[in-house]
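Asker:
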Amino acid sequence: MTSRPFERVTLIEHPVIARDLTILRDINTQTDDFRGALKRIAVILAYHALKELPLSTFPIETPVRETTGYDIDQDIIVVPILRAGLGLSDALLQFIPNAKVGHLGMYRDEQTHQPVDYYSNIPEGIEEAMVLVVDPMLATGGSADDALSYLKKEGAQHLRFISLISAPEGLQKLDENHPDVHTITAAIDEKLNDDAFIVPGLGDAGDRYFGTT
Ligand code: PRP
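If you read the sequence shown in our numbering, its first letter stands for residue 218, the second for the next number, and so on.
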């Protein structure tokens, strides 16, 4: 794990991620393999995103003697940005089965590349919770920027953003507009092309995950 070049960004490096990113990037990968690879990387990202959660302690009895037990001492709200974010959220729920889930519906206008909001449903308790916003692609950063601003307006104070592939342009935007938000990502790619697609990227994550290409 290495931090670079943005202070609030953690790039997770792992052989399984390198292998599975290759599967995701490959234009010939079919939907079933795409889903499998995305879910495996999501587990690694979730593990790292949850690393610094506070713990409470309490006494428990093993069959042999008393010892100290631990529980996670932090409410968690997972917020996938629809649609593609849904592919990442299950991994977090595997680790935190009692997490609440909010949904933000956004798509990027193909001409203007600006995010368009179409749905939001955020659970109560957002002020105190650790809010983990998930979206596999951070391209211009417009969608993530809007999502984080909206959640802050709703009262969120502890936010993290988890993405699979990030473009420097998107990281720059989050660095400027949300310096308080830590981003965890599996790849920092080269740049955006003229259509605001990440290069080399993997194309449209939502379409490839849901088989709508
Ligand atoms: C993609 C992706 C992000 C957004 C990234 O979603 O999943 O939400 O675009 O682009 P940005 O950083 O430039 O805002 P898309 O609009 O394709 O919607 P989908 O998830 O429904 O496919």
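Built from N, CA and C at the ideal position, the CB exists for glycine as well.
Bear in mind that the values here come from a model prediction, so they are computed numbers and not experimental data.
What does Asn338 pair with, by DSSP beta-bridge criteria?
Answerer: Position 121 of the sequence shown, counted from the first residue, corresponds to residue 338. The partner list for Asn338 (beta bridge, DSSP) reads His320.
Asker: Kindly provide the chain-ordered list of residues whose Cβ lies closer than 7 Å to any non-hydrogen atom of the ligand PRP.
Answerer: Residues flagged by the Cβ proximity filter: Ile298, Leu299, Arg300, Ala301, Gly302, Met323, Tyr324, Arg325, His330, Pro332, Asp352, Pro353, Met354, Leu355, Ala356, Thr357, Gly358, Gly359, Ser360, Ala361, Gly387, Ala413, Asp421, Ala422, Gly423 and Asp424.
Asker: Tell me Ala384's beta-bridge partners as DSSP assigns them.
Answerer: Translated into positions along the sequence shown, residue 384 becomes position 167. Ala384 pairs with nothing; no bridge assigned.
Asker: Indicate the three-state DSSP secondary structure (helix, strand or coil) for Lys268 in the structure shown.
Answerer: Stepping through the sequence shown from its first residue, residue 268 is reached at position 51. Coil at Lys268, not helix or strand.
Asker: Roughly how many angstroms separate the alpha carbons of Gly342 and Leu303, rounded to a whole number?
Answerer: Position 125 of the sequence shown, counted from the start, is the residue given in the question as residue 342. Position 86 of the sequence shown, counted from the start, is the residue given in the question as residue 303. Cα to Cα, Gly342 sits roughly 21 Å from Leu303.
Asker: Work out the CA separation of Thr279 and Gly423 for me, nearest whole Å.
Answerer: Taking the sequence shown and counting its residues from 1, the one referred to as residue 423 is at position 206. Taking the sequence shown and counting its residues from 1, the one referred to as residue 279 is at position 62. Cα-Cα distance, rounded: 46 Å.
Asker: So that I know if they touch, is there some Cβ in chain D lying closer than 8 Å to that of Val348?
Answerer: No chain D appears in this structure, which consists of one protein chain only.
Asker: Using beta-carbon positions only, say whether Ile382 and Leu419 come within less than 8 Å of one another.
Answerer: As a first step, residue 382 is located in the sequence shown; it is residue number 165 there, counting from the start. As a first step, residue 419 is located in the sequence shown; it is residue number 202 there, counting from the start. Yes, these two residues count as a Cβ contact at 8 Å.
Asker: So is Ile349 buried or exposed if we call it buried at 16+ other beta carbons inside 10 Å?
Answerer: Here residue 349 is taken as the residue at index 132 of the sequence shown, counted from 1. The amino acid at residue 349 is misidentified as Ile; the sequence shows Leu. Buried, since its Cβ has 16 or more Cβ neighbours within 10 Å.
Asker: Helix, strand or coil for Asp363, going by three-state DSSP, please let me know.
Answerer: To locate residue 363, count along the sequence shown from 1; it is residue 146. Helix at Asp363.
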